[in-house]
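Asker: So in my numbering, spot 13 of the sequence shown is number 5, and the numbers just go up one at a time. Note that the Cβ used here is the ideal one computed from N, Cα and C, for glycine as well.
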Amino acid sequence: MAMGPVTRKGHGRRRAPMAEINVTPLVDVMLVLLIIFMVTAPLLVAGVPIKLPDSRAGALDQDQKPIQVSMDGEGKIFVDDEQVALSALPARLQEKATAKPGGEAPQIYLRADTGLDYGRVMGVMGELSHAGFNKVALVTTQGEQKGQ
């Protein structure tokens, strides 16, 4: 049997509507959306590109979302993807702390590039301590410790 327009008996050569759905455009749109999500998903993970040091320490338990303080390879300081100067860091953290619910000081995650000088990282930690933020955690990547 050949597939073609269906004619009704007794009405001449009128065509009945086809009852088939063309799914090709639907598949094309779904594939384009899949590609868009595959490309954008890795970009949503981290805002400031930093090469973190390795450590065998376990992950911390957290109740609320911490404030991310990042230092890139050039020594620039970022608070949640927003660049700030070292002198403006305590004031910016106070703004973030007052915006968070709860009366206690928020958890600070310090992410620093491995190529940075130890003194620069300690300078930022000193500013955090001076501003009253004592809950500071250093972020590392999970890796094997060398030399053992």
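1. Would you kindly report the start and end of the unbroken beta strand (DSSP E) that includes Glu74?
2. According to the neighbour-count rule (16 or more other Cβ atoms, all chains shown, within 10 Å of its Cβ), is Met(-7) buried or exposed?
3. Output needed for Leu81: all residues of its chain with C-beta closer than 8 angstroms, excluding positions within five of it in sequence on either side, in chain order.
4. Taking the alpha-carbon positions, what's the Val24 to Leu78 distance?
5. Considering only DSSP beta bridges, list what Ser62 is partnered with.
6. Could you spell out the range, first to last residue, of the alpha helix (DSSP H) harbouring Leu23?
7. Can you tell me which of the three DSSP states Thr90 falls into?
Answerer: The relevant details are as follows:
1. Glu74 to Val76
2. Low confidence applies to Met(-7): its pLDDT is 48, below 50, so where it sits in the model is not reliable enough to give any reading.
3. For Leu81, where only same-chain residues beyond five positions count, the Cβ hits under 8 angstroms are Val61, Ile69, Val71, Val116, Glu119, Leu120 and Ala123.
4. 44 angstroms
5. Beta-bridge partners of Ser62 (DSSP): Phe70 and Arg103.
6. From DSSP, the alpha helix (DSSP H) with Leu23 extends over Thr16 to Thr32.
7. The answer is helix: DSSP assigns Thr90 an H, G or I state.
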